[in-house]
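Visitor:
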Amino acid sequence: MSERALSLQELVKDFNGKRAVDAISFEVQRGEILGLLGPNGAGKTTTMRMVMNIIAPDAGRVEILGQRFSEKMKDRIGYLPEERGLYRKLKVMDTLLFLGELKGMKAAVVRERGRRLLKQFQLEGYEEKKVEELSKGMAQKLQFIATILHDPELLILDEPFAGLDPLNIELVKDIILERRRAGTTIIYSTHLMEYAEKTVDSLVMIDKGRKVIDGSLAAVKAEYGQRFVRVQYEGDARFVKELPYVRSCRDSGRELEVELDDLSRRELLLRDLLGKVGVIGFQLSEPSLQNIFIRKVQEGAGA
Amino acid sequence: MKKIIAVIKKEYKAIVKKKSFIIMTVLTPVLMGGMMFVPVMLMKMGRSEKKIAVADFAGGYIEALSARSGKRPAAEKGPMDLEGSMRRTRESEVAGLIRFLPAKTQGRAASAVVTEYEQKILKKEIDGLLLIPADVKAQRQVSYYATSISDFATNSFISSTLRTVISQQLLLEKRIDPAVVDEATRDIEVDTFKVKKEGTTRSSSGMDYIMSLFMMVILFGVLIGYGQMIMRGVLEEKNSRISEILISSARPTQIFYGKILGIGLAGLTQVALWIVLGAVLVSRFSGMVDNAILSFLTAEIGVYFVIFFILGFFIYAIPYAIVGAAVNTDQEAQQFSTAIVWMMLIPYFIGFSATQNPNSTLALVASLIPFFTPILMFMRITGATPPLWQISTSIALCLLTVWGLAWVGAKIFRVGMLMYGKKPSLGEILRWLRYK
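This is the structure:
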């Protein structure tokens, strides 16, 4: 059996003459979590839809679980589309029964697993409620349950955290990690970098339909991490971004995340800071994904 | 196959459990019963008494007219006798509603009387003026002045009454025995009998016409109702984006056929329940229901109703499903569904003439066009059973059309379900057919 759960080769998709996805290739290893990151309109959803064979690519190919996409494959994949929706008039358990049977499950199995998952998601007792009676967050959770109900080998989640409150984001994140421990391969797209940072094994960043970064989280961070300094301070640090050796600077009011053109300049920076602001902390750091993301997108915009 | 069944189950349950389904299932047979009496009631209520002035220059005719209009035929079978009332709504019923008033003729010229009554008619003091000249016996000509002269029942009542009176006078002048004269000029009523394979039954053509229209209205209503239900269902899936989950779980064709079959089965369940309920109602109240209705509602009609419901369902449901998949908003859907309703109205209008003339060339040709067949062929069958080859040809053509529609529908459904945002042009939709 192939070690690759998914492989995309030179995927291309045009919409009305506009290139939405431009020769994107990447691979996902079995059992890992891959984050597909990028700004709105970058082509994340289009890429996922092509993986799910919902739209056909104009060029390139997709291999899932070592094979070309086929109908039988559908039962082994769980897909959570970006736009959520369920039948408003259908009851919670009936919804799970329908979507489960559509994945080839037996009704009895759906009931048993469905009940367990509803409990895990604090939706116990809602089995006979209609979907329209649920709150938005509950409906989102129900949709997530429906996605993992049939215990898929591969989970493809498009913006799984969108529209959830912080508690439910934690819940979904826990479930994602639990699934990985059970051996499921997971791909999810998000623009919430902090969560990606804590969960993904590897990541692919795309902007304007093109892949800009690809690799394991550690490798990506290492690549950008040589030149970053984090400074906790008091005072007015606006002058920092004007310094000639500073490539970029993110100011959060009490903390600076400074990218130097070379790490050897760090002492120069410290000297420039002293006397102008009160320095509380100064350390070399990994860049946050957020920072890498913003920098990459800005580079793309400048290019 | 298992996946199609899952879709069928879901769609079927979603409809059958709805309150509106249960209400309509029970209410329709009740309404149907009510509807059978309403047209007759309306016909009765729609007629008000007419006042007609008679300028009787010949003398003696106004008495004859009044006498005949005064005697209403006695009810034959009691209040539930629909057939009797249908017949009475013609000449004799009209006669009972006319009051003849004498106009002054002594020493006046006919033209003076006409001028006077023209004013009265315009002021609506009186409905009409009947001028009987002195030489009516020889000339056989009278004049009728009124604002509305298209009331054939009134006209024919007047002419037949005068003819009878003149005949009587002529015979009496020839010294024929008055009893013989009465016997010779007695009114004639025409009883109509319908010849059918199952046996000939006494029936009034009016009753058949009403029943036939009535069944057609039900068929029409049910087909539109279920068609729109499919359209809204598809649109809901599209707008709520469930379509993506569905298509990532099963083949688009499985979803498409499952949906149409599931909703179709729900419709069939409803029709079956109506037939059972209707049969129970008819047998329970058979004493009160007119023979004409009983002879109309045969098992054969029931079977054909089911056959043409199924064919009509597919022929109209698939276009509705296509519309649902191709458009994005309710307004757009409404525009297209109006077009489908118009397509269904054509056979309906042809049907009006087809009930009276079920074997005309127009009825024959139109009833073989698949989009018209379900309604028109059914109408022709209720009117006068057409030859079997025509029925079977029309059913075969329908099946072929359904097969073609299903193929086209599945293709458009597959692309349309995932196409959000802009409204596709017709050219684009045609291009969807070429997608694999």
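So the protein sequences, as listed, match chains A and B.
By my numbering, the letter at position 185 of the first sequence is numbered 265, and the numbering carries on one by one without gaps.
By my numbering, the letter at position 398 of the second sequence is numbered 471, and the numbering carries on one by one without gaps.
Quick reminder that beta carbons are idealized off the backbone N, C-alpha and C, glycines included.
Because the structure is a prediction, the values reported are computed rather than measured.
(1) Assuming B:G512 and B:L296 make a contact with CB atoms under 8 Å, what is their CB distance in whole Å?
(2) Do we get a CB-CB distance below 8 Å when we pair B:A390 with the residues of chain A?
(3) Would you decide whether A:K183 is buried or exposed? Buried here means 16 or more other CB atoms lie within 10 Å of its CB.
(4) Quick one: Cα of A:G121 to Cα of A:K169, how far?
(5) What are the boundary residues of the alpha helix (DSSP H) that includes B:Y190?
(6) Taking 8 Å as the threshold, find out whether the stretch 415-424 of chain B comes into contact with the stretch 324-344 of chain B through three or more Cβ pairs.
(7) Taking B:R324 as the query, report the chain A residues whose CB atoms sit under 9 Å from its CB, ordered along the chain.
(8) Between A:G184 and chain B, is any beta-carbon pair separated by less than 8 Å?
(9) Is it buried or exposed, B:L104, if we count other Cβ atoms within 10 angstroms and call 16 or more buried?
(10) Taking DSSP as the reference, what is the three-state secondary structure of B:E156?
(11) What span of residues does the beta strand (DSSP E) with A:R310 cover, start to end?
(12) May I have a chain-ordered list of the beta strand (DSSP E) segments no shorter than 3 residues that lie completely inside the stretch 412-469 of chain B?
(13) A:I134 and A:R260 - do their beta-carbons sit closer together than 8 Å?
(14) May I ask you to verify whether the stretch 80-91 of chain B touches the stretch 336-352 of chain B, counting CB pairs closer than 8 Å and requiring at least 3?
(15) Can you pull the DSSP bridge partners for A:D294?
(16) Report the three-state DSSP secondary structure of A:S150 (helix, strand or coil).
(17) Would you report the Cα separation of A:I372 and A:D238, rounded to the nearest angstrom?
(18) Since B:C471 and B:I348 should fall inside the 8 Å C-beta cutoff, what is the C-beta to C-beta distance between them, to a whole number of angstroms?
(19) Which same chain residues, not among the five before or five after A:L272, have their C-beta less than 6 Å away from its C-beta?
(20) Verify the CB distance criterion: does A:Y268 have a CB-CB separation below 8 Å to chain B?
(21) Counting C-beta neighbours from all protein chains within 10 Å, is the total for A:T270 16 or more, i.e. buried, or is it exposed?
(22) List the residues that DSSP assigns as beta-bridge partners of B:G129.
(23) Do you know how far the Cα of A:V131 is from the Cα of A:A85?
(24) Taking the Cβ atom as the reference point for each residue, do A:L117 and A:T127 lie within a distance shorter than 8 Å?
(25) Taking the straight line between their C-alpha atoms, what separation do you get for A:Q363 and A:I249?
(26) Any beta carbon from chain B within less than 8 Å of A:G165's own beta carbon?
(27) For B:Y330, which of helix, strand or coil comes out of DSSP?
(28) Please confirm whether A:V359 and A:V311 have their CB atoms less than 8 Å apart.
(29) How many whole angstroms separate the CB atoms of A:L234 and A:R156, which I take to be in contact at a CB cut-off of 8 Å?
(30) For the beta strand (DSSP E) that contains B:R314, what are its first and last residues?
(31) Are any of the Cβ atoms in chain A nearer than 8 Å to that of B:K506?
(32) Is B:E501 close to chain A? Criterion is C-beta to C-beta, closer than 8 Å.
(33) What residue range is occupied by the uninterrupted beta strand (DSSP E) comprising A:V359?
(34) Would you check if the distance between the CB atom of B:P325 and the CB atom of B:M74 is smaller than 8 Å?
(35) Between which two residues does the beta strand (DSSP E) holding A:L160 run?
(36) In chain A, what lies closer than 8 Å to B:A79 by C-beta?
Guide: Result, derived from the coordinates:
(1) Outside the displayed span of chain B (74 to 509) sits residue 512 of chain B, for which this structure offers no information.
(2) Working through the second sequence from its first residue, we reach residue 390 of chain B at position 317. No - not a single Cβ of chain A is within 8 Å of the one on B:A390.
(3) Looking up residue 183 of chain A in the first sequence gives position 103. Result: buried.
(4) Counting from 1 along the first sequence, the entry for residue 121 of chain A is found at position 41. Counting from 1 along the first sequence, the entry for residue 169 of chain A is found at position 89. Going by the C-alpha atoms only, they are around 32 Å apart.
(5) For this step, residue 190 of chain B is matched to residue 117 along the second sequence. For B:Y190, the enclosing alpha helix (DSSP H) has its first and last residue at 183-195.
(6) Fewer than three pairs of CB atoms, one per stretch, sit closer than 8 Å, so the stretch 415-424 of chain B makes no contact with the stretch 324-344 of chain B.
(7) For the purposes of this step, residue 324 of chain B is taken as residue 251 along the second sequence, with counting starting at 1. For a Cβ distance threshold of 9 Å, residue set E151, K154 of chain A lies close to B:R324, ordered along the chain.
(8) The residue given as residue 184 of chain A occupies position 104 in the first sequence. Yes - at least one Cβ of chain B is within 8 Å of the one on A:G184.
(9) The count along the second sequence starts at 1 and reaches residue 104 of chain B at position 31. B:L104 should be labelled exposed.
(10) Mapped onto the second sequence, residue 156 of chain B falls at position 83. In this predicted model, B:E156 has a pLDDT of only 46, less than 50, meaning its place in the structure is not dependable enough to derive any value.
(11) By 1-based counting over the first sequence, the position of residue 310 of chain A is 230. Residues 308-314.
(12) Assignment of beta strand (DSSP E) within the stretch 412-469 of chain B, counting only whole runs of 3 or more residues, yields no such run.
(13) Within the first sequence, the letter at position 180 stands for residue 260 of chain A. Within the first sequence, the letter at position 54 stands for residue 134 of chain A. Cβ atoms of A:R260 and A:I134: not closer than 8 Å.
(14) When C-beta atoms of the stretch 80-91 of chain B are compared with those of the stretch 336-352 of chain B, three or more pairs fall below 8 Å, so the two segments count as touching.
(15) Counted from its first residue, the first sequence places residue 294 of chain A at position 214. Beta-bridge analysis with DSSP links A:D294 to A:V284.
(16) One-based indexing of the first sequence puts residue 150 of chain A at position 70. In this structure, A:S150 counts as coil in the three-state DSSP scheme.
(17) As a first step, residue 372 of chain A must be located in the first sequence, where it is residue number 292. As a first step, residue 238 of chain A must be located in the first sequence, where it is residue number 158. A direct Cα-Cα distance of roughly 21 Å separates A:I372 from A:D238.
(18) Here residue 471 of chain B corresponds to residue number 398 of the second sequence, with the count starting at 1. Here residue 348 of chain B corresponds to residue number 275 of the second sequence, with the count starting at 1. Not really, about 21 Å apart at Cβ, beyond 8 Å.
(19) Taking the first residue of the first sequence as position 1, residue 272 of chain A is located at position 192. Within the same chain, and ignoring the five residues on either side of A:L272 in sequence, the residues whose Cβ sits closer than 6 Å to its Cβ are F241.
(20) In the first sequence, counting from the first residue as 1, residue 268 of chain A sits at position 188. At a cut-off of 8 Å, the C-beta of A:Y268 has no neighbouring C-beta in chain B.
(21) Counting from 1 along the first sequence, the entry for residue 270 of chain A is found at position 190. Taking all protein chains in view, the Cβ of A:T270 is crowded by 16 or more other Cβ atoms within 10 Å, so the residue is classified as buried.
(22) Locating residue 129 of chain B in the second sequence gives position 56, where the first residue counts as 1. Inspection of the sequence shows that residue 129 of chain B is occupied by Asp rather than by Gly. Within the DSSP bridge table, the entry for B:D129 names B:I205 as partners.
(23) Counting from 1 along the first sequence, the entry for residue 85 of chain A is found at position 5. Counting from 1 along the first sequence, the entry for residue 131 of chain A is found at position 51. Approximately 12 Å between the Cα atoms of the pair.
(24) Taking the first sequence and counting its residues from 1, the one referred to as residue 117 of chain A is at position 37. Taking the first sequence and counting its residues from 1, the one referred to as residue 127 of chain A is at position 47. In this structure, A:T127 does not lie closer than 8 Å to A:L117 by Cβ.
(25) As a working note, residue 363 of chain A is residue 283 in the first sequence. As a working note, residue 249 of chain A is residue 169 in the first sequence. Cα to Cα, A:Q363 sits roughly 30 Å from A:I249.
(26) Locating residue 165 of chain A in the first sequence gives position 85, where the first residue counts as 1. Contacts with chain B at 8 Å (Cβ-Cβ) include A:G165.
(27) Numbered from its first residue, the second sequence carries residue 330 of chain B at position 257. Three-state DSSP puts B:Y330 in a helix.
(28) Residue 359 of chain A sits at position 279 when you count from the first residue of the first sequence. Residue 311 of chain A sits at position 231 when you count from the first residue of the first sequence. In this structure, the beta-carbon distance from A:V359 to A:V311 falls below 8 Å.
(29) For this step, residue 234 of chain A is matched to residue 154 along the first sequence. For this step, residue 156 of chain A is matched to residue 76 along the first sequence. Indeed, because the Cβ distance is near 7 Å, the residues count as touching under 8 Å.
(30) In the second sequence, residue 314 of chain B corresponds to position 241, counting from 1. No beta strand (DSSP E) contains B:R314, which DSSP labels as neither H nor E.
(31) Your numbering for residue 506 of chain B matches position 433 in the second sequence. The sequence given here has Leu at residue 506 of chain B, not Lys. Output row for B:L506: interface = no.
(32) For the purposes of this step, residue 501 of chain B is identified with residue 428 of the second sequence, where counting begins at 1. So no, B:E501 is outside the interface.
(33) Counting from one through the first sequence, the residue named residue 359 of chain A turns up at place 279. For A:V359, the enclosing beta strand (DSSP E) covers residues 358-364.
(34) Reading the second sequence from its first residue, position 252 is the one you call residue 325 of chain B. Reading the second sequence from its first residue, position 1 is the one you call residue 74 of chain B. Not in contact: B:P325 and B:M74 (Cβ atoms no closer than 8 Å).
(35) Taking the first residue of the first sequence as position 1, residue 160 of chain A is located at position 80. If you look at A:L160, you'll find it in the beta strand (DSSP E) that goes 157-160.
(36) Locating residue 79 of chain B in the second sequence gives position 6, counting from the first residue. Listed along the chain, the chain A residues whose CB falls inside 8 Å of the CB of B:A79 are F178, E181, L182.
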